[in-house]
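Peer 1: Just add 2 to wherever you are in the sequence shown, counting from 1, and you've got the numbering used here.
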Amino acid sequence: MNNIVIVGAGPAGMAAAVASSSQKGAQVTVIDDNPSTGGQIWRGGSDPANPWFARLSQTNTKVVTSARVISGDAINRSLLVDREGNVQSIPYSKLILATGARELFLPFPGWTLPNVMGVGGLQALVKSGLPVTGKRIVVAGSGPLLLAVASYLKHHGAIIPLIAEQASLRALASFTTGLLSHPSKLWQAFRLNPRFAGIPYLTNCWIEAALGTNHVQSIRLRQKARMWEEPCDYVANAYGFVANNELATLLGCATENGAVQVDQFQQTSIADIYCAGEAAGIGGVDTALLEGQIAGYAATGQTSFCSRLQSQLRKAKAFARSLNKTFAPRAELQTLAQPDTIVCRCEDVTLARLRTANSWRSAKLHERCGMGPCQGRICGPAAQFILGWEPSSVRPPIFPARLDTLLQENSVK
Ligand SMILES: Cc1cc2nc3c(=O)[nH]c(=O)nc-3n(C[C@H](O)[C@H](O)[C@H](O)COP(=O)(O)OP(=O)(O)OC[C@H]3O[C@@H](n4cnc5c(N)ncnc54)[C@H](O)[C@@H]3O)c2cc1C
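#1: Cβ of T63 versus every heavy atom of ligand 1: is any distance shorter than 7 Å?
#2: Could you round the C-beta distance between L239 and V121 to whole angstroms and report it? I think they count as a contact, below 8 Å.
#3: Measure the C-alpha to C-alpha separation of I43 and A103 and round it to an integer number of angstroms.
#4: Taking all protein chains shown into account, do 16 or more other C-beta atoms lie within 10 angstroms of the C-beta of R79, making it buried, or fewer, making it exposed?
#5: Determine the contact status of A339 and I388, defining contact as a CB-CB distance below 8 Å.
#6: Comparing alpha-carbon positions, which option in Q336, L292, D342, R397 lies nearest K366?
#7: State buried or exposed for R355, treating a residue as buried only when at least 16 other CB atoms are found within 10 Å of its CB.
#8: Once the 5 residues before and after F267 are set aside, which same chain residues still bring their CB inside 7 Å of it?
#9: From the DSSP output, in three-state form, read off W54 for me.
#10: Can you tell me the Cβ-Cβ gap for W362 and G390, rounded? I've got them flagged as a contact below 8 Å.
#11: Leaving out five residues before and five after Y154 in sequence, what residues of the same chain have Cβ atoms less than 8 Å from its Cβ?
#12: Could you give the DSSP three-state label for W362: helix, strand or coil?
#13: Answer with buried or exposed for A175, where buried requires no fewer than 16 other C-beta atoms within 10 angstroms of its C-beta.
#14: Cβ of G416 versus every heavy atom of ligand 1: is any distance shorter than 7 Å?
#15: Is it true that the CB of A28 sits closer than 8 Å to the CB of G40?
#16: Classify K96 as buried or exposed, calling it buried when 16 or more other Cβ atoms lie within 10 Å of its own Cβ.
#17: Can you check which of these residues, R323, I72, Y241, is closest to R332 by C-alpha distance?
#18: Going by the DSSP bridge assignment, what does Y276 pair with across the sheet?
#19: So for P13, helix, strand or coil by DSSP?
#20: Pick helix, strand or coil for C348, following the three-state DSSP scheme.
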């Protein structure tokens, strides 16, 4: 029996499920920790997503939601799944990891104040009902998501005084010229142009500090030598994405620069484990869909369907590379955090305390950095950016689990 298990029901996982279930006899299961499928971008549905939801519903894929993979064993080919406190061991013959990405936060003084949020994070809150009508929201950081979210927030009644993009005008100009060879992206960029939404878009500009007592009341912005304060009710700030590679790393898959390494069939360095979407390198939704399909076909031995997708993927990846280069955080952002700035917000570890350690491992052991509920998912990439520390090994459980869940883990082994 070809038992395909897919972790992650975002665009990559959904595409992998559709492709793998096209093989007769394949038994396909998708596991996701959210209550519904769609991942970060399609949760709640959207026009581009609808054909994929329809295609998935026409397969006999078993979709397991509100279930989190907390551990795995590549030798015994099994995953440990925590579904609201109940633990289950799920075997696989082929595994496709489509675990997506999270936002990259770079600490600055005041970044832990209430109402300073992630860009996608604030959008998700508004999607689930947070009212923002009449609220002043500064959108800052880097990448095209700033434009999409600023327009979205404005559409929902927020006042967006400006978008602060840290990339330089020169980098953006050369990126825009490069869009000429990607007409569909050029159209998207045209639609997202902040000028159409009447929002000032400042390049070479970033947040130096968030100010306020019980919550953010203003931010200090820098654009080259100019510094000023901007009053606001919320800040939406992120510097792109970080691949969720923890499960892959735990299973022994090789990574490079945070991305899970894959071959042309999305096969990782571990036999019968594939990886697709943001976890295999930040590339956006089109890349995720192509990689998901390739992984699904390859895992079910249908590699003849891959070559057309692979040539589309080469183009999509060239675009992703230029996007990642354009919006890569600049070196000046490494010096925003001050000695008393908290870097690990779960355990209240300041930059000064981090500097007493000489590696991520010693910071974990001696300062408890990365030992809290997020398990280093937020502070790890920040420490890597500020201090150049390589992340150390990943240990199970990869997400916090209750003690009785872990006790059940022993009984299901
Ligand atoms: C907060 C946020 C907001 C974004 N908003 C936009 C946007 O507005 N527009 C846009 O173009 N792009 C947006 N993106 C980028 C977009 O999400 C990706 O390009 C696209 O969704 C990639 O698809 P994916 O399938 O690789 O990952 P995802 O869509 O992230 O799907 C991965 C899924 O795997 C689940 N998962 C991960 N680990 C486990 C585990 N151990 N157990 C169970 N489930 C697990 C996750 O919860 C998630 O549902 C956003 C990204 C983030 C992080």
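Even for Gly, the Cβ is constructed at its ideal location relative to N, Cα and C.
Note that the coordinates shown come from a computational prediction; the quantities given were computed from them, not determined experimentally.
Peer 2: Based on what the coordinates show:
#1: no
#2: Per the sequence shown, the amino acid found at residue 239 is Asn instead of Leu. Correct: roughly 7 Å between the Cβ atoms.
#3: 11 Å
#4: buried
#5: yes
#6: R397
#7: buried
#8: I296, A300, T305, C308
#9: helix
#10: That pair is no contact at about 10 Å.
#11: Q125, V128
#12: helix
#13: exposed
#14: No statement about residue 416 is possible, as the shown extent of the chain runs from 3 to 415 and does not include it.
#15: no
#16: buried
#17: Y241
#18: I98, Q269
#19: helix
#20: coil
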